[in-house]
């Protein structure tokens with residue numbers, strides 16, 4: 039029989055995030071909303087092929 043505390047091995051029930059903003063105090067939170075991202079596709083032509091171009095994700 040082990041003497042380990044079983045509570046130490048339970049999974050964390052929720053995630054926590056920390057935002058560090060320069061020299062400001064750290065902000066801790068569990069949920070965020072209203073965030074967006076857009077990725078504009080770029081045309082990629084292998085070996086300067088004029089026949090076909092592939093669309094690849096661009097920079098975020």
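Numbering (my numbering), first residue to last: 39 to 98.
Glycine included, C-beta positions come from ideal geometry on N, C-alpha and C.
Given the structure is predicted, the values throughout are model-derived calculations rather than measurements.
Kindly give me the distance between the Cβ atoms of residue i and residue j, rounded to whole angstroms, as I take these residues to be in contact under 8 Å.
{"i": "residue 96", "j": "residue 78", "result": "5 Å"}
Just the C-alpha distance for residue i and residue j, rounded to the nearest angstrom, thanks.
{"i": "residue 65", "j": "residue 91", "result": "45 Å"}
{"i": "residue 63", "j": "residue 74", "result": "24 Å"}
{"i": "residue 72", "j": "residue 87", "result": "41 Å"}
{"i": "residue 59", "j": "residue 80", "result": "32 Å"}
Where does residue i fall in DSSP's three states?
{"i": "residue 86", "result": "helix"}
{"i": "residue 53", "result": "coil"}
Between the Cα of residue i and those of the options, spot the shortest distance and give me the residue it belongs to.
{"i": "residue 94", "options": "83, 52, 62", "result": "83"}
{"i": "residue 67", "options": "55, 61, 60", "result": "55"}
Is the CB of residue i under 8 Å away from at least one CB in chain B?
{"i": "residue 82", "result": "This model lacks chain B altogether; it includes just one protein chain."}
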